[in-house]
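Data block below; observations after.
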Amino acid sequence: MNIGDIVICKVEKIGVHSALVRIEGTNKQGIIPISEISSGWVKKISDHLEEGQIIPCKVLAIDRNIIPLSIKKVTEKEKRDAFEEYYKERKAERLINIVLTKTKVENIEEIKNKIKERYKSYSSLLDAIKNKDESVDDILTKKQANLLKNIISKSEKSKEYEFKAKLKLLSYEPNGIEIIKKVFEDESDFDVTYLAATEFLLKFKSLDPKTGEKEFNEKINTIIDRAKKYNCFVKLDIIKK
110 MNIGDIVICK VEKIGVHSAL VRIEGTNKQG IIPISEISSG WVKKISDHLE
160 EGQIIPCKVL AIDRNIIPLS IKKVTEKEKR DAFEEYYKER KAERLINIVL
210 TKTKVENIEE IKNKIKERYK SYSSLLDAIK NKDESVDDIL TKKQANLLKN
260 IISKSEKSKE YEFKAKLKLL SYEPNGIEII KKVFEDESDF DVTYLAATEF
310 LLKFKSLDPK TGEKEFNEKI NTIIDRAKKY NCFVKLDIIK K
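Here the sequence shown is numbered in this note's numbering, starting from 110 and rising by one per residue.
Next up, the structure:
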């Protein structure tokens, strides 16, 4: 980890002047001062963050036990790239867990630690398997490697198309949080990520690009109509690849 790196963090505790986070994939804790939450004025951190929220942060220093971090210094592109890498890594870990469980491995965490030590990430192990890197044989059995290879091959053949949009959603009602929850009701097809106060990233996947785009637009319009019904302020930005 170096100064300027973008790291994915999980909010653990919100205070008056700062928020404490756990840096994903490490045993390190980070701190976000109130001055680094947003480029605008922040009255209460809880208006911008909530416990359990996943957020990308920029590393400000590394010479402390608790790493100083910033949200406001992360650009939109850095934010998108960080989330894409985060979900890619989660998917890779899920595939590895499936294979290790299927082959009845008892020391799953031990093997996963070895993978992280050697390859730094789970997705790098999958790349090594695709490239027939023999170093994999020191960690996985041939059966496990072949199972992973087959799963990767099947997932690549059935290509998924992803559609994304950033939605700014704001309610001025006293029960605004409950209203926003209602706006997203019955939208389980969307992967909704809370980015910051009033901002959400919406992702929708489909095996067919034309049908997928049509469904994506229809679902977006449904959300917007529902938000307007509840007198919410709505701003939509479709993210083009």
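Just so you know, even glycine gets a beta-carbon here, dropped at the ideal spot from N, CA and C.
Quiz item: Which ranges would you report for the beta strand (DSSP E) in the stretch 161-188 if only whole runs of at least 3 residues count?
Solution: For the stretch 161-188, whole beta strand (DSSP E) runs of length 3 or above, ordered along the chain, are 163-168 and 175-179.
Quiz item: Where does Thr302 fall in DSSP's three states?
Solution: The count along the sequence shown starts at 1 and reaches residue 302 at position 193. For Thr302, the three-state secondary structure derived from DSSP is strand.
Quiz item: Can you tell me the Cα-Cα spacing of Ser147 and Thr320, whole angstroms?
Solution: Looking up residue 147 in the sequence shown gives position 38. Looking up residue 320 in the sequence shown gives position 211. Spanning the two alpha carbons is a distance of roughly 38 Å.
Quiz item: So which of Thr212, Lys225 and Val214 has the shortest CA-CA distance to Glu198?
Solution: In the sequence shown, the residue the question calls residue 198 occupies position 89. Of the candidates Thr212, Lys225 and Val214, the one whose C-alpha sits nearest the C-alpha of Glu198 is Lys225.
Quiz item: Can you tell me whether His126 is buried or exposed, with buried defined as 16 or more other CB within 10 angstroms of its CB?
Solution: The sequence position of residue 126 within the sequence shown is 17, counting from 1. Of the other Cβ atoms in all chains shown, fewer than 16 fall within 10 Å of the Cβ of His126; this residue is therefore exposed.
Quiz item: So Glu160 packs on Lys122, CB below 8 Å; how close in whole Å?
Solution: Translated into positions along the sequence shown, residue 160 becomes position 51. Translated into positions along the sequence shown, residue 122 becomes position 13. With a Cβ gap of about 7 Å, Glu160 and Lys122 count as contacting.
Practice problem: Could you tell me which residues DSSP puts in a beta bridge with Ser315? | Solution: Along the sequence shown, one-based indexing puts residue 315 at 206. Secondary-structure assignment with DSSP links Ser315 through a beta bridge to Tyr270.
Quiz item: In whole angstroms, what is the alpha-carbon distance linking Ser155 and Lys188?
Solution: Walking along the sequence shown from the start, residue 155 turns up at place 46. Walking along the sequence shown from the start, residue 188 turns up at place 79. The C-alpha of Lys188 is placed about 20 Å away from the C-alpha of Ser155.
Quiz prompt | Expected contact under 8 Å - CB spacing of Ile348 and Lys241 to nearest Å | solution = Your numbering for residue 348 matches position 239 in the sequence shown. Your numbering for residue 241 matches position 132 in the sequence shown. Your pair Ile348 and Lys241 does not check out as a contact, with CB atoms roughly 35 Å apart and the cut at 8 Å.
Practice problem: Check whether the Cβ atoms of Pro165 and Ile115 lie closer than 8 Å to each other. | Solution: Here the question's residue 165 lines up with position 56 in the sequence shown. Here the question's residue 115 lines up with position 6 in the sequence shown. With respect to Ile115, Pro165 sits close: the two C-beta atoms are nearer than 8 Å.
Quiz item: Which one of Gly113, Gln138 and Met110 has the shortest CA to CA distance from Lys119?
Solution: For this step, residue 119 is matched to residue 10 along the sequence shown. Each of Gly113, Gln138 and Met110 was checked against the Cα of Lys119, and the nearest Cα belongs to Gln138.
Quiz item: How many angstroms separate the CA atom of Pro177 from the CA atom of Val183?
Solution: For the purposes of this step, residue 177 is identified with residue 68 of the sequence shown, where counting begins at 1. For the purposes of this step, residue 183 is identified with residue 74 of the sequence shown, where counting begins at 1. Cα to Cα, Pro177 sits roughly 14 Å from Val183.
Quiz prompt | Minimum C-alpha distance to Glu269 - residue among Ile220, Gly134, Asp317 and Leu257 | solution = Sequence index remark: in the sequence shown, residue 269 carries index 160 (1-based). Ranked by Cα distance from Glu269, the options Ile220, Gly134, Asp317 and Leu257 are led by Asp317.
Exercise. Let me know the secondary structure DSSP gives Leu257 once reduced to three states.
Key: One-based indexing of the sequence shown puts residue 257 at position 148. Here Leu257 sits in helix by DSSP.
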